[in-house]
């Protein structure tokens with residue numbers, strides 16, 4: 309399976325997917341750590357994460373998939389939501405919680 | 870030209886009313902992601918071009934304006950993008 313197909317499968321078979329640097333337990337970047345923290349505070353207990361530092365093909369491929377140049381990237385119900393700043397804004401506005409409850 | 874000036878020059882295509890840009894690289898020195906040499910930046914940009922656009926579209930405009938700097942000079946950039954109306958209202962501050 310090529311990388312784009314792998315990504316498509318990941319984001320469509322899991323409700324909440326975060327492409328990040330490191331793992332939720334040991335994030336390797338402040339922006340990824342911030343995303344994990346917010347999702348956890350929102351009560352997400354089924355978070356599927358992909359560590360792009362150990363998956364170089366995904367690291368490049370995810371930027372092409374979403375046409376978005378930075379990591380982390382959050383997907384909910386197969387849809388690209390945004391990066392760390394947008395996750396933060398949507399959490400403050402309550403939009404994120406609404407999306408997660410769909 | 871310094872990276873900060875170069876970033877501001879690139880962002881000028883968005884007709885910004887104001888740009889606040891700071892270099893946060895020192896705070897991230899030594900972490901795994903900083904090895905590539907790219908810097909960490911914090912940006913607040915105010916432009917009428919963002920009017921009627923959701924956050925994601927605004928960020929895309931900023932990334933597009935920065936072009937290949939995103940993959941070379943910039944390791945990470947935190948973006949806050951407002952319209953002049955939003956920036957002047959209380960909700961932002």
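Residue numbers (my numbering), protein chains in the order written: chain G, 309 to 410; chain H, 870 to 962. We treat Cβ as the ideally placed atom computed from N, Cα and C, and that holds for glycine. Since the structure is predicted, the reported quantities are computational estimates derived from the model, not experimental observations.
Contact under 8 Å by Cβ, residue i with residue j
{"i": "residue 884 (chain H)", "j": "residue 916 (chain H)", "result": "yes"}
{"i": "residue 386 (chain G)", "j": "residue 320 (chain G)", "result": "yes"}
{"i": "residue 316 (chain G)", "j": "residue 360 (chain G)", "result": "no"}
Residue i burial status per 10 Å Cβ neighbour count (16 or more: buried)
{"i": "residue 342 (chain G)", "result": "buried"}
{"i": "residue 912 (chain H)", "result": "buried"}
{"i": "residue 924 (chain H)", "result": "buried"}
{"i": "residue 310 (chain G)", "result": "exposed"}
Neighbouring residues, chain H, relative to residue i (Cβ below 7 Å)
{"i": "residue 339 (chain G)", "result": "945"}
{"i": "residue 320 (chain G)", "result": "Residues of chain H passing the Cβ test: none, with the nearest at roughly 19 Å."}
Chain G contact residues for residue i, given Cβ-Cβ distances below 7 Å
{"i": "residue 870 (chain H)", "result": "Per Cβ cutoff of 7 Å: no residues; residue 870 (chain H) is ~21 Å from chain G at best."}
{"i": "residue 887 (chain H)", "result": "Residues of chain G passing the Cβ test: none, with the nearest at roughly 18 Å."}
Where residue i meets chain G, residues with beta-carbon distance less than 8 Å
{"i": "residue 949 (chain H)", "result": "393"}
{"i": "residue 940 (chain H)", "result": "377"}
{"i": "residue 895 (chain H)", "result": "Within chain G, no residue comes near residue 895 (chain H); the closest Cβ sits about 13 Å away, beyond 8 Å."}
Beta carbon proximity, residue i to chain A, threshold 8 Å
{"i": "residue 934 (chain H)", "result": "Absence of chain A from the displayed structure is noted, the protein chains being G and H."}
Chain-ordered chain H contacts of residue i [CB-CB under 8 Å]
{"i": "residue 387 (chain G)", "result": "In chain order: nothing, as chain H lies at least about 11 Å away."}
{"i": "residue 333 (chain G)", "result": "Going along chain H, no residue has its Cβ under 8 Å from residue 333 (chain G), so there is no contact; the nearest lies around 15 Å."}
Beta-ladder partner(s) of residue i, from DSSP
{"i": "residue 915 (chain H)", "result": "H:887, H:951"}
Proximal residues of chain H, C-beta to C-beta of residue i below 9 Å
{"i": "residue 397 (chain G)", "result": "924, 949"}
Are three or more beta carbon pairs between the segment 872–883 of chain H and the segment 342–359 of chain G nearer than 8 Å? Short answer: they don't touch.
Query - Validate contact between the segment 877–892 of chain H and the segment 386–403 of chain G using beta carbons, cut 8 Å, 3 pairs - result: Judged by Cβ distances under 8 Å, the segment 877–892 of chain H makes no contact with the segment 386–403 of chain G, as fewer than three pairs qualify.
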